[in-house]
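Notes follow once the structure below has been shown.
Number of protein chains: 2
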Amino acid sequence: MKGAPDSSSRSAYAIDRLRRRIIDGQSAPGSLLAEVAVARELGVSRVPVREALFALERDGLVEFSKTGRAYVKELSPGDFEELYVLRLALEPVAARLAAPELRSDASALEENIAATERAGSLIEVTHLDLDFHAIILEACGNARLLKLWRSLRNELELWLGRLHRSKQVQTHHTLDETVSTHRELLKSFRSESPAACERKMHEHILGWREWLPMDS
Amino acid sequence: MKGAPDSSSRSAYAIDRLRRRIIDGQSAPGSLLAEVAVARELGVSRVPVREALFALERDGLVEFSKTGRAYVKELSPGDFEELYVLRLALEPVAARLAAPELRSDASALEENIAATERAGSLIEVTHLDLDFHAIILEACGNARLLKLWRSLRNELELWLGRLHRSKQVQTHHTLDETVSTHRELLKSFRSESPAACERKMHEHILGWREWLPMDS
DNA sequence: CATGCCTAAACGGTATACAGAATCAAGATC
DNA sequence: GATCTTGATTCTGTATACCGTTTAGGCATG
Numbered sequence: 009m010k011g012a013p014d015s016s017s018r019s020a021y022a023i024d025r026l027r028r029r030i031i032d033g034q035s036a037p038g039s040l041l042a043e044v045a046v047a048r049e050l051g052v053s054r055v056p057v058r059e060a061l062f063a064l065e066r067d068g069l070v071e072f073s074k075t076g077r078a079y080v081k082e083l084s085p086g087d088f089e090e091l092y093v094l095r096l097a098l099e100p101v102a103a104r105l106a107a108p109e110l111r112s113d114a115s116a117l118e119e120n121i122a123a124t125e126r127a128g129s130l131i132e133v134t135h136l137d138l139d140f141h142a143i144i145l146e147a148c149g150n151a152r153l154l155k156l157w158r159s160l161r162n163e164l165e166l167w168l169g170r171l172h173r174s175k176q177v178q179t180h181h182t183l184d185e186t187v188s189t190h191r192e193l194l195k196s197f198r199s200e201s202p203a204a205c206e207r208k209m210h211e212h213i214l215g216w217r218e219w220l221p222m223d224s
Numbered sequence: 009m010k011g012a013p014d015s016s017s018r019s020a021y022a023i024d025r026l027r028r029r030i031i032d033g034q035s036a037p038g039s040l041l042a043e044v045a046v047a048r049e050l051g052v053s054r055v056p057v058r059e060a061l062f063a064l065e066r067d068g069l070v071e072f073s074k075t076g077r078a079y080v081k082e083l084s085p086g087d088f089e090e091l092y093v094l095r096l097a098l099e100p101v102a103a104r105l106a107a108p109e110l111r112s113d114a115s116a117l118e119e120n121i122a123a124t125e126r127a128g129s130l131i132e133v134t135h136l137d138l139d140f141h142a143i144i145l146e147a148c149g150n151a152r153l154l155k156l157w158r159s160l161r162n163e164l165e166l167w168l169g170r171l172h173r174s175k176q177v178q179t180h181h182t183l184d185e186t187v188s189t190h191r192e193l194l195k196s197f198r199s200e201s202p203a204a205c206e207r208k209m210h211e212h213i214l215g216w217r218e219w220l221p222m223d224s
């Protein structure tokens, strides 16, 4: 099924297809996403495409010009810095809130770590890394916090995908490092206080900062 | 001009009108916002109304049922708690980032405080209060942070408006208290370190917590 | 060669039409 | 009396058509 033209609704279908197209880099950053052209390619009318473009703008994958044209988002190092600041603001809080829940059931985190150890490619590791954090956000009980983080994740995926394709991936974000820091976080959730979990997450994300590349 | 049917675009017009209608409480929480009805009332077609409803969902003023119907958002004390947690996560960081900028030019904050002292009604004070915080968010230089906060502000306005209309306003959030705490923040921006500003903002919002009402 | 203009094509904003799904209320059934 | 059914109504999802604006490219002009 290369893409059933009816994943519940045509809007949802258009959103999925467009998101993948953008994150996978099949549409170059800055390129125009004309409604008629996209509609023709996806086999739907302009209306679902329109909604998809608005939805993806909210997710940070598309940006509109003043005249209403939609373009594939371009990301600069400054954008990365913004995302980083927001992760640093949100995720430690989420870790603190999620601590009680995760203390009683950390199986999802364990499984994620196990899957990461089995991962074959570096891009797979980065996705599992984000999944690990997603588990914590989902356990924090704050629906708005989760929602905000998910839009950040979309942009991060966009960024990371582009990094990978441009071979700019730093080698020190290895599988081993990811697994070991996640193990440490897991230990914290198992045995330490929510405040300690918050601090650990803060440090973890601070460490992740060295990833910041200095070019586009 | 009871509402120029062309504030740049009909979508923008529909967004403005609907937002005001919801925040002002002219549409009761939980009431259905049927596209055809709203379109007829606003004198536009369904298309701009549709976009307005999606936009307002993003801003937290409207929520959709699983079957795609749009309703005026209902807020519970739990929602208030969520918003509070997010303010606590975002605003201190914004204060730290905005500190250098505000140190060199705090005129907007001064003017806001002066306007607050001249305010006539309590509802006006709460709006100026949010304006004060908005100035800081706008000065922080992180566009995404500002965007996230703005959606929180929408929900806060909704909440506060409803509180006022139901006469549940706590009296200890007085004009004097608002002015004095804002003055303290201003002093911080003028003479203290970014880290100190961050701490002050954290305390300020913690204090604001007592406002949390225990009913709907 | 550079620059401004002008025209044709492309695009987005909006209205309208139609089809299918959800909703609500009245009536039938137990 | 309560519940299930059913049909009319309402609503959303989507397609299509039209119009004004933006855009891009070629041509004329300096």
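Residue numbers (this note's numbering), protein chains in the order written: chain A, 9 to 224; chain B, 9 to 224.
C-beta atoms are modelled at their ideal positions from N, C-alpha and C, and glycine is treated no differently.
This one's a predicted model, so the numbers in the text were calculated from it and none came from an experiment.
Spanning the alpha carbons of residue 79/B and residue 69/B requires a straight line of approximately 9 Å. For residue 97/B, the closest Cβ of chain A is nearer than 7 Å.
Residue 152/B has a beta carbon lying within less than 7 Å of a beta carbon in chain A. Setting aside the 5 residues that flank it on each side, residue 106/A is surrounded in the same chain by 144, 147, 148, each with a C-beta closer than 6 Å to its C-beta; the list follows chain order. Per DSSP, the continuous alpha helix (DSSP H) segment holding residue 57/B begins and ends at 54-66. Exclusion of the five residues before and after residue 57/B leaves 22, 43, 46, 47 as the residues of its chain whose Cβ lies within less than 6 Å of its Cβ.
In this chain, the beta strand (DSSP E) harbouring residue 71/A covers 70-72. Within the stretch 28-46 of chain B, no residue places its CB atom closer than 9 Å to a CB of chain A.
Counting C-beta atoms within 10 angstroms of its own C-beta, residue 195/A has fewer than 16 neighbours from the protein chains shown and is therefore classed as exposed. Residue environment: residue 88/B is assigned as buried (16 or more neighbouring CB atoms within 10 Å of its CB, all protein chains considered). When secondary structure is reduced to three states using DSSP, residue 78/A falls in the strand class.
Beta-bridge annotation (DSSP): residue 40/B is paired with 79/B. Rounded to the nearest whole angstrom, the CA to CA distance from residue 26/A to residue 35/A is 9 Å.
If the five residues before and after residue 108/B are omitted, its C-beta is found closer than 8 Å to the C-beta atoms of 202, all from its own chain and listed in chain order. For residue 139/B, the enclosing alpha helix (DSSP H) begins and ends at 130-147. The shortest CA-to-CA distance from residue 160/B to any of 182/B, 174/B, 90/B, 131/B is the one to 90/B. The straight-line gap separating the alpha-carbon atoms of residue 31/B and residue 165/B is approximately 7 Å. Excluding sequence positions up to five before and after residue 114/B, its CB lies within less than 8 Å of the CB of 194, 197, 198, all in the same chain and listed in chain order. Apart from sequence neighbours up to five positions away, the residues of its chain that approach residue 169/B with a beta-carbon distance below 7 Å are 31, 32, 33, ordered along the chain. Assignment of residue 114/A by DSSP, reduced to helix, strand and coil, places it in the coil class.
In the three-state reduction of the DSSP assignment, residue 150/B falls in the coil class. Distance from the CA of residue 110/B to the CA of residue 93/A, rounded to the nearest whole angstrom, comes to 19 Å.
Under the Cβ distance rule, residue 93/B counts among the residues neighbouring chain A, one pair being separated by less than 7 Å.
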